[in-house]
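These notes are about the structure you will find just below.
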Amino acid sequence: MTRGKSHDRPATPVRMCVICRGRFAKSDLTRHVPAAGVGAGLLPDPRAAMPGRGHYLCANPECAEKFLKYSGRPRRRRGGQGE
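Each position in the sequence shown, counted from 1, maps to that position plus 470 in my numbering.
This is the structure:
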């Protein structure tokens, strides 16, 4: 019996594209974060260092086109009054 080891865990972090919902290696996706201000949209974060919840986008041109209309709806916080 092995303790603390997961044999089905991928070697690299995996994230999901917000448009097509496909799973990809984190390095294959571009990260976007909410811009400062209400309704300001999403900004690209190539270094993945900006604060905020990241929205990941794959390299598919169809996803990129749909992402232009994506609003990145804010998530509702638990226990508080969200939007």
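Yeah, the Cβ is synthetic: ideal placement off N, Cα and C, and Gly gets one too. From a predicted model like this one, the values you see are computed outputs, not experimental measurements.
> DSSP three-state call for Pro516: helix, strand or coil?
Replying inline: Of the three classes helix, strand and coil, the one that applies to Pro516 here is coil, per DSSP.
> For Pro531, which three-state DSSP category applies?
Replying inline: Of the three classes helix, strand and coil, the one that applies to Pro531 here is helix, per DSSP.
> What distance in whole Å lies between the Cβ atoms of Tyr526 and Arg485, which are believed to be in contact at a cut-off of 8 angstroms?
Replying inline: Correct: roughly 4 angstroms between the Cβ atoms.
> Is it right to say Gly507 is buried, meaning 16 or more other beta carbons lie within 10 angstroms of its own, or is it exposed?
Replying inline: With fewer than 16 other Cβ atoms within 10 Å, it is exposed.
>> Could you tell me the alpha carbon to alpha carbon distance between Pro456 and Val503, rounded to whole angstroms?
In response: The question about residue 456 has no answer here: the residues shown for the chain are numbered 471 through 553.
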